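The numbering of the sequence shown is UniProt numbering, which starts it at 1 and goes up by one.
Below you'll find the structure, written out as structure tokens, and then a few comments.
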Amino acid sequence: MQQRVDAYISQFKEGYFSPLSQMARLTEEVGELAREVSHYYGEKPKKSSEKTYTVEEELGDILFVLACFANSLDIDLSKSFDMAISKIETRDKDRWIRKDDKN
1 MQQRVDAYIS QFKEGYFSPL SQMARLTEEV GELAREVSHY YGEKPKKSSE KTYTVEEELG
61 DILFVLACFA NSLDIDLSKS FDMAISKIET RDKDRWIRKD DKN
């Protein structure tokens with residue numbers, strides 16, 4: 001994913017935005033996801049004049065911006081994820097009731 005994003009961004013002179021701009025873009029996209037989730041699962045339906053987007057599309061937009069952000073800082077998202085899941089698996093190993101728990 002990151003390589004594909006880099007191939008796309010690399011064809012433009014402007015390149016990646018600054019980290020602060022990337023953070024603003026990520027925040028904007030998360031807000032758009034929140035709006036879609038609110039419309040699909042909340043009490044406030046969309047107006048008939050509003051464009052229809054999907055949660056799937058908004059998640060895709062977030063992934064794109066996140067890949068841009070990571071690439072601009074030379075961060076490997078696979079490595080970042082591995083570090084995060086290892087931390088969660090250790091920290092939260094006894095936090096939840098397991099499905100295979102016989103008690």
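Note that beta-carbon positions come from the ideal geometry of N, C-alpha and C, so glycine has one too.
For clarity, every value in this text was computed on a predicted model and none was experimentally measured.
Residue range of the unbroken alpha helix (DSSP H) whose run includes residue i
i, result
"ARG98", "Where ARG98 is concerned, there is no enclosing alpha helix (DSSP H), given that its DSSP letter is neither H nor E."
"residue 105", "This structure leaves residue 105 out entirely; the chain is present only between 1 and 103."
Separation of residue j from residue i, as counted between CA atoms
i, j, result
"SER78", "LEU26", "18 angstroms"
"TRP96", "SER48", "42 angstroms"
"GLU89", "SER10", "36 angstroms"
"TYR53", "LYS93", "36 angstroms"
"LEU73", "PRO19", "8 angstroms"
"CYS68", "ASP6", "7 angstroms"
"LEU66", "GLU14", "18 angstroms"
"TYR8", "ASP61", "14 angstroms"
"LYS75", "SER21", "Strictly speaking, residue 75 in this sequence is Ile, with Lys absent from that position. Straight-line Cα distance between these residues: approximately 17 angstroms."
"ASP82", "LEU59", "20 angstroms"
Residue environment, residue i, which counts as buried when at least 16 other CB atoms sit within 10 Å
i, result
"ALA70", "buried"
"GLU29", "buried"
Closer than 8 angstroms to chain D by CB, residue i
i, result
"GLN22", "Note that chain D does not occur in the displayed structure, where there is just one protein chain."
7 angstroms CB neighbourhood of residue i in its chain, flanking five on each side removed
i, result
"LYS44", "SER38"
Original post:
Of all the alpha helix (DSSP H) runs that stay within the bounds of the segment 40 to 78, which reach a length of 4 or more residues?
Top reply: 55 to 72
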